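K.L.:
The listed protein sequences derive, respectively, from chains A and B. If you're matching positions, the first sequence starts at 1 in the working numbering and goes up one per residue. If you're matching positions, the second sequence starts at 71 in the working numbering and goes up one per residue.
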Amino acid sequence: MRWPSLYGLLLLPLVAGCADVQPWQRGTLAKPQMSLDPHSQRTALVTHVRAAREAASGGVSKDGGGCGCD
Amino acid sequence: MAVGAVVTDHARPSRALQTLTAAALALPGMTAANAEDAPSFNVQYGHYEEGKRDLDGQSYKDLKLKPLRVDSFAVQGVVALTDRLTLKADFTQDSWSGATPVVSLPSAAVKAQLLSGASSPNSYHVDKNGVPYVVDFNDYDPVTDTYAHTAHPGLVHVLASASPETRRQWDGSLTHEWNGAELTVGGGISDEHDYLSRFVNASGKVFLNHKLTVLNWGGSLTRNRIHASLAANSAADTGNYTDRIHEFDGQPTIFGQRSDYAANVGVTQILNEVALIQADIAYTRSSGFLENPYKAVIFAFNDPDQPFDNSGLKYIPIKGSLEQRPDLRNQWAFNARLTQHFAFGDGAFHLNYRYYRDDWGIRAHTLEASLDQPLGGGWMITPDVRYYTQTAARFYAPYFLFNEAFPAHPGGPLDRSQIPLKYFSSDERLSAFGALSGSLALQKSLGRGVSLDLSYEFYVHKGDLKLGGRGEPGYADFHSSLLTAGLAMDLARHQDELASASGGISGSRPDDLLTIRPAGLLMPDVLRPGTWAFSAAFKSQSWKGPLELHNSPVSNNDLIASACGAVNCTLGPVRAGQNEAEFDLSYAVLPRLTLSVTPKYAENSLTLVDVFPDFAGSLPPLGGPSGSGRHSTSSWGDTAALASLDLASESMAHVRVAAGLSVPTGEAGRRLNGKTDYVGYSLQTGSGTWDGIAAIDIEAASGPFSAGAELNAVKRMGRSNKFGYRLGDRLGGDFWAGDNVLPWLTASARVHFDAEGGIHGGYKDHLEKNVPFTELQQVDYDVNGDGVVDSSDVDYVTVYRDALVPHVVASPDDLAANHGGTFVDAGLGVTVHAVAGPFKGDRLSIEWMRPIFTGAYGYQLRPATMITARATITI
Chain A
1 MRWPSLYGLL LLPLVAGCAD VQPWQRGTLA KPQMSLDPHS QRTALVTHVR
51 AAREAASGGV SKDGGGCGCD
Chain B
71 MAVGAVVTDH ARPSRALQTL TAAALALPGM TAANAEDAPS FNVQYGHYEE
121 GKRDLDGQSY KDLKLKPLRV DSFAVQGVVA LTDRLTLKAD FTQDSWSGAT
171 PVVSLPSAAV KAQLLSGASS PNSYHVDKNG VPYVVDFNDY DPVTDTYAHT
221 AHPGLVHVLA SASPETRRQW DGSLTHEWNG AELTVGGGIS DEHDYLSRFV
271 NASGKVFLNH KLTVLNWGGS LTRNRIHASL AANSAADTGN YTDRIHEFDG
321 QPTIFGQRSD YAANVGVTQI LNEVALIQAD IAYTRSSGFL ENPYKAVIFA
371 FNDPDQPFDN SGLKYIPIKG SLEQRPDLRN QWAFNARLTQ HFAFGDGAFH
421 LNYRYYRDDW GIRAHTLEAS LDQPLGGGWM ITPDVRYYTQ TAARFYAPYF
471 LFNEAFPAHP GGPLDRSQIP LKYFSSDERL SAFGALSGSL ALQKSLGRGV
521 SLDLSYEFYV HKGDLKLGGR GEPGYADFHS SLLTAGLAMD LARHQDELAS
571 ASGGISGSRP DDLLTIRPAG LLMPDVLRPG TWAFSAAFKS QSWKGPLELH
621 NSPVSNNDLI ASACGAVNCT LGPVRAGQNE AEFDLSYAVL PRLTLSVTPK
671 YAENSLTLVD VFPDFAGSLP PLGGPSGSGR HSTSSWGDTA ALASLDLASE
721 SMAHVRVAAG LSVPTGEAGR RLNGKTDYVG YSLQTGSGTW DGIAAIDIEA
771 ASGPFSAGAE LNAVKRMGRS NKFGYRLGDR LGGDFWAGDN VLPWLTASAR
821 VHFDAEGGIH GGYKDHLEKN VPFTELQQVD YDVNGDGVVD SSDVDYVTVY
871 RDALVPHVVA SPDDLAANHG GTFVDAGLGV TVHAVAGPFK GDRLSIEWMR
921 PIFTGAYGYQ LRPATMITAR ATITI
């Protein structure tokens, strides 16, 4: 399967199967543990160490620099 | 914006609360997707350490190696400049030390090297089936006309311990929010001595469908400059980079440039009241010098024209070479994340999946699941499990075997035209393997928006863990652990709770502080009782050449003849640096008594070059151990603990005294990489002694003006540390004046005086293995010509034995007499401080100092600029 069609297929449920959540029903979604990355600073630290050991870590925008040559 | 955090119980919210929540959620950015960008101040520490690898019988201890370890710090602040504009600033520092693989090869080649005593592996043998053998040329059997030989299949890594490296990254971003969108622009710089990165990025969000759907996009551009010393890889052939290698600080150094363009686009969708999902696709195009300059490959040559010997074995010469990768890498990644809340227990389950592929042939899958589970009482526990698998790059192999004769004369450079490969790498990052890790994190909320967290992760890297098996053999397996600790402060919530506690925030100046002190002072602020203050400071000082004696530059001849005492110097310093990340925690226990503890992480560096006499014409280079190049050390330094007492506190003036101890948590006996001798004194990160500290501080304020003076002394206790020396006592003084130029901005000027005594004693002798001694001994040949070999036949022979030997003085830094002196610096500083709002009492200070008088003892580099940046928050 080619990339664009695979991506489209994965996005399909996002637009099709969503409930209408009113603003006052979003209290749970606003909890810190509901963040997609609740420990973002630790994630950044771990990602940099992993980038020195795994080929596929990093490689996304907003990453910092660094050789990671060890 | 803090109202959302109020909604933490399951009771049906009141109408008023519903209205408030709705109002909060109507604000752009108040979706869970970017809750981490709320006003906050965070400090994070991480310690990563690898376990020992299988070195086929060799031990780390015998090789004087330690596994790789990394100490990381991150300080991050997010502040709301206006209702719609947010500023984020980050500082990250990581220090890498210990041994890491530089090359992999048949284990038989290393065994052969150990038997022959060669300086690097240069050959092994194979039988007709290609199985590697070790031949012992010291064990000959004349009957069969063969040497002892044993099959020794398998591979092994050769590890090297480079000088510790520290990377520092400064970056920041500005985010503007509109009703239906958000835009962030940012940039930063990452600096380590061999690698400089500069980057800019932009990202945005578009809120659709009543903010149930968020479109995310981002892009970044990174430019990198590399200049890596090849001294540690001197055995490798560098013929593939002749145009890139130039001399730098007396070392062969490879220069390169690299660019990375990255872009991503994705969507975040709220599925229902308790679940959301995010999917995005990212593309990165890397071009330029993409090699790891410290990794080598092994070429092995099986000459088909060479016959097998009497043992049925054939000689396989090998040669190391720097690796070679394509100059372009296109990388794609697809990420999907799901967050699902569970009403039972109020926990949130996170499931992340990532697929990665690039045009080097690497395909990788990552699956990670975690649960953020509140436990009550402000506690949260987060178990996490992660699986990662990747295939190898097309040009990866643990070593490269060619069916041809060695394409050059042995010992000479390789004939590159005979190497039938364009690209080759043995970097383990490009091999096929899998990794499984698990972690547990604990977070405790202390109230007022402040929380502490602690986590531990154990990580296993194994070829067998690769999806579908057939990963790299077991020689490459390793495990590691990562410990992190952090302090996070939600400033919006902090403001909220302070406001409710005090009935509203008012006032026009930070009334808990009499003066705004410059960044570089020793003593903590005067605090109100019950107040905590936390400050993170970064101090950087540098020294520059040429070497000086009594403020006059020293010629190479004088340096060699006089700067190292009784012996000749073989090395001269060209520059040095000292960087400290300092974390100060103060607590006012009583109205007049403040206790503070200040741990710090220190990184010292010294660049040395070989020195030759200033004679016309060419002389042979001096002998002696060459330790040229950049040396650095990094570790926790000494920890100061102080109690300061307010003696007289008027509305316009303070007089304080402080006393305390410096605990020797730093290193005072660090040794050279792979050796038993010590590094130079300036590279140690601690004193090795318990030190007494005393200080007196006077400060006064009148209108916008303030001024102060501080006198402090450090007394080293005991005769010497356990390494045989004692640093000199110190006496320091500061005079400073400040002016509140604006209500939120103070400018200051400071003069700093520092008198440091010389080092007492010196490094004691260290145990060296296999030291050569020339001794008169009985020998097994006829010395006196009497026809008989007996006890009267004695001769001078060289014997090797372990012995205590003195510290080698190779550079002026190795001599105790070249330390200490009297120094005066002066400089300017600015402090930004809030007079109201959530940051009242919190400050950001930067100070720049230059030397104005230098009275150094002996031969020393000239002090240069000193910069201190400090962020302080009060709790």
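Using N, Cα and C, we set each Cβ at its ideal position, and we do this for glycine too. Remember, it's a predicted structure, so these values are computed and weren't measured experimentally.
Mind checking which residues open and close the beta strand (DSSP E) that includes V681 (chain B)?
P.N.:
Segment: none, V681 (chain B) is in no beta strand (DSSP E) and carries neither H nor E.
K.L.:
By Cβ distance, which residues of its chain are closer than 7 Å to E106 (chain B), with the 5 residues on each side in sequence left out?
P.N.:
Residue confidence is low: E106 (chain B) scores 49 on pLDDT, short of 50, so the model does not pin down where it sits. Its coordinate-derived value is still stated next. So the list is empty, once near-sequence residues are dropped.
K.L.:
With a CB to CB cut of under 6 Å and the five nearest residues on each side skipped, what residues in its chain are close to S515 (chain B)?
P.N.:
G448 and S521
K.L.:
From the DSSP output, in three-state form, read off L151 (chain B) for me.
P.N.:
coil
K.L.:
Are the beta-carbon atoms of Y866 (chain B) and T892 (chain B) separated by less than 7 Å?
P.N.:
no
K.L.:
Between the C-alpha atoms of W24 (chain A) and A555 (chain B), what's the straight-line distance to the nearest angstrom?
P.N.:
Cα to Cα, the separation comes out at about 35 Å.
K.L.:
Return yes when the Cβ of I766 (chain B) is within less than 7 Å of the Cβ of S732 (chain B), no when it is not.
P.N.:
no
K.L.:
Please report how far the alpha carbon of H531 (chain B) lies from the alpha carbon of F548 (chain B), in whole angstroms.
P.N.:
5 Å
K.L.:
Between B:T254, B:I315, B:L660 and B:S165, which lies nearest to S21 (chain B) when the distance is taken from Cα to Cα?
P.N.:
Chain B is shown from 71 up to 945; residue 21 (chain B) falls before or after that span and cannot be answered.
K.L.:
Quick check: the Cα distance between S818 (chain B) and P588 (chain B), rounded to an integer number of angstroms?
P.N.:
7 Å
K.L.:
Note down the Cα distance separating D126 (chain B) from K134 (chain B), rounded to an integer number of angstroms.
P.N.:
16 Å
K.L.:
Measure from the alpha carbon of F161 (chain B) to the alpha carbon of each residue in B:D680, B:A651, B:L676 and B:P921, then state which is nearest.
P.N.:
B:A651
K.L.:
Comparing the C-beta of T28 (chain A) with each C-beta of chain B, is any distance below 7 Å?
P.N.:
It does: the Cβ of T28 (chain A) has a partner Cβ on chain B nearer than 7 Å.
K.L.:
Does G116 (chain B) come within less than 7 Å of chain A when only Cβ atoms are used?
P.N.:
For G116 (chain B), the answer is yes, since a Cβ of chain A falls inside 7 Å of its Cβ.
K.L.:
Would DSSP call Y927 (chain B) helix, strand or coil?
P.N.:
coil
K.L.:
Identify, in the order they occur along the chain, each residue of the same chain with its Cβ nearer than 6 Å to the Cβ of I943 (chain B), setting aside the five sequence neighbours on each side.
P.N.:
For I943 (chain B), where only same-chain residues beyond five positions count, the Cβ hits under 6 Å are F111, F604 and D912.
K.L.:
Along chain A, in chain order, which residues have C-beta atoms closer than 8 Å to that of P444 (chain B)?
P.N.:
Q33
K.L.:
Using the rule of at least 16 other Cβ atoms within 10 Å of the residue's Cβ for burial, across every protein chain shown, is M722 (chain B) buried or exposed?
P.N.:
exposed
K.L.:
Name the one or two DSSP bridge partners that H836 (chain B) has.
P.N.:
For H836 (chain B), the pairing in a beta bridge is given by DSSP as B:V875.
K.L.:
Quick check on R499 (chain B): does DSSP put it in helix, strand or coil?
P.N.:
Assignment of R499 (chain B) by DSSP, reduced to helix, strand and coil, places it in the helix class.
K.L.:
Measure the C-alpha to C-alpha separation of R518 (chain B) and M34 (chain A) and round it to an integer number of angstroms.
P.N.:
20 Å
K.L.:
Which residues in chain A have a C-beta closer than 8 Å to the C-beta of G556 (chain B)? List them in chain order.
P.N.:
By Cβ distance, chain A contributes Q41 and R42.
K.L.:
What span of residues does the beta strand (DSSP E) with R1002 (chain B) cover, start to end?
P.N.:
What is shown of chain B runs 71 to 945, which leaves residue 1002 (chain B) out entirely.
K.L.:
List in chain order: all unbroken beta strand (DSSP E) runs of 3+ residues lying wholly within the stretch 317-368 of chain B.
P.N.:
Counting only runs of 3 or more, we get 321-342 and 345-358.
K.L.:
Could you please give the first and the last residue of the uninterrupted alpha helix (DSSP H) stretch that includes N984 (chain B)?
P.N.:
A query on residue 984 (chain B) cannot be resolved here, the shown segment of chain B reaching from 71 to 945 and no further.
K.L.:
From H316 (chain B) to N208 (chain B), what does the alpha carbon distance come to, in whole angstroms?
P.N.:
Approximately 42 Å between the Cα atoms of the pair.
K.L.:
Which residues in the same chain as K670 (chain B) place their Cβ atom closer than 6 Å to its Cβ, once the five residues preceding and following it in sequence are excluded?
P.N.:
E650, E652 and G707
K.L.:
Could you list which residues in chain A have their beta carbon closer than 7 Å to that of V148 (chain B), in chain order?
P.N.:
Chain A residues near V148 (chain B): none, gap ~11 Å exceeds 7 Å.
K.L.:
Any beta-carbon of chain A closer than 7 Å to the one on R407 (chain B)?
P.N.:
yes
K.L.:
Under three-state DSSP, which class holds H48 (chain A)?
P.N.:
helix
K.L.:
Pick helix, strand or coil for M34 (chain A), following the three-state DSSP scheme.
P.N.:
helix
K.L.:
Please list, in chain order, all residues of the same chain as N638 (chain B) whose beta carbon is under 6 Å from its beta carbon, the five residues on each side excluded.
P.N.:
I630
K.L.:
Which term fits A72 (chain B), buried or exposed, when burial requires 16 or more other beta carbons within 10 angstroms of its beta carbon?
P.N.:
Low confidence applies here, because A72 (chain B) scores a pLDDT of 33, under 50, leaving its location unreliable; read the following figure in that light. Classification for A72 (chain B): buried.
K.L.:
Could you list which residues in chain A have their beta carbon closer than 8 Å to that of N112 (chain B), in chain order?
P.N.:
Within 8 Å Cβ-Cβ: Q41.
K.L.:
Look at the Cβ atom of T459 (chain B), then the Cβ atom of K536 (chain B), and state whether they are nearer than 7 Å.
P.N.:
yes
K.L.:
Tell me, to the nearest whole angstrom, how far the beta carbon of G250 (chain B) is from that of F277 (chain B); I am working on the premise that it is less than 8 Å.
P.N.:
Rounded to the nearest angstrom, the Cβ distance from G250 (chain B) to F277 (chain B) is 5 Å, consistent with a contact under 8 Å.
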